[in-house]
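Residue numbers (our numbering): 124 to 297. Glycine included, every Cβ here is placed at the ideal spot set by N, Cα and C. Only one structure is covered here, and it is reproduced in the block below.
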């Protein structure tokens, strides 16, 4: 469960902001590392916003899982980068992720109660769905290092469970 969040974050980053990479250019391992870390941090911020605003116990529990998993995986990702001697490389994809996430958090900030809960949960469903697709189509095929590729593949398997959890949460909210 813990590894899944990093991978989803990385995949979401490529999926959402993939056009920022030159057309036909695959991301490098340092770019993948930066995208993954950035996306993880952004989902932590979204989950913290949910913890600040929501009173719904299911939403809060899901958000706590996201904070826990993304924090753990980001720590593991940084340890892997250090072990491999890879310095995460900032890129247009990461920058666009920050811009888009800031705008979405501002939108969520204007909501409250059940409207906030539903919007947050639906966003998490879309986020996780895009992550899984990006892992399969972009990040895993682009990873050059075998350990990184293996970690991404493991994360994809785990993260599919997160997508279902988010979908179940969203469908339970009115």
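C-alpha distance - residue i paired with residue j, whole-angstrom precision
i: residue 226; j: residue 233; result: 11 Å
i: residue 246; j: residue 263; result: 23 Å
i: residue 296; j: residue 206; result: 43 Å
i: residue 140; j: residue 189; result: Reliability fails at residue 140, whose pLDDT of 40 lies under 50, so the model's placement of it is uncertain and no value is given.
i: residue 218; j: residue 224; result: 10 Å
i: residue 125; j: residue 196; result: Caution is warranted here: a pLDDT of 40 is assigned to residue 125, below 50, making its placement in the model unreliable, and no coordinate value can be reported.
i: residue 180; j: residue 236; result: 12 Å
i: residue 269; j: residue 204; result: 13 Å
6 Å Cβ shell around residue i - same chain, five flanking residues per side excluded
i: residue 136; result: Any answer about residue 136 is weak, because its pLDDT of 43 lies below 50 and its placement is not dependable; what the coordinates show is given next. Cβ within range, chain order: 158, 162, 216 and 220.
i: residue 186; result: 170, 173 and 174
i: residue 289; result: 247, 248 and 251
Residue i, enclosing alpha helix (DSSP H) - first and last residue
i: residue 277; result: 269 to 295
i: residue 161; result: 152 to 176
i: residue 219; result: 215 to 232
i: residue 195; result: 180 to 207
Neighbourhood of residue i by C-beta distance below 7 Å, restricted to the same chain and skipping five residues each side
i: residue 231; result: 172, 239, 242 and 243
Beta-carbon spacing of residue i, residue j below 8 Å
i: residue 279; j: residue 292; result: no
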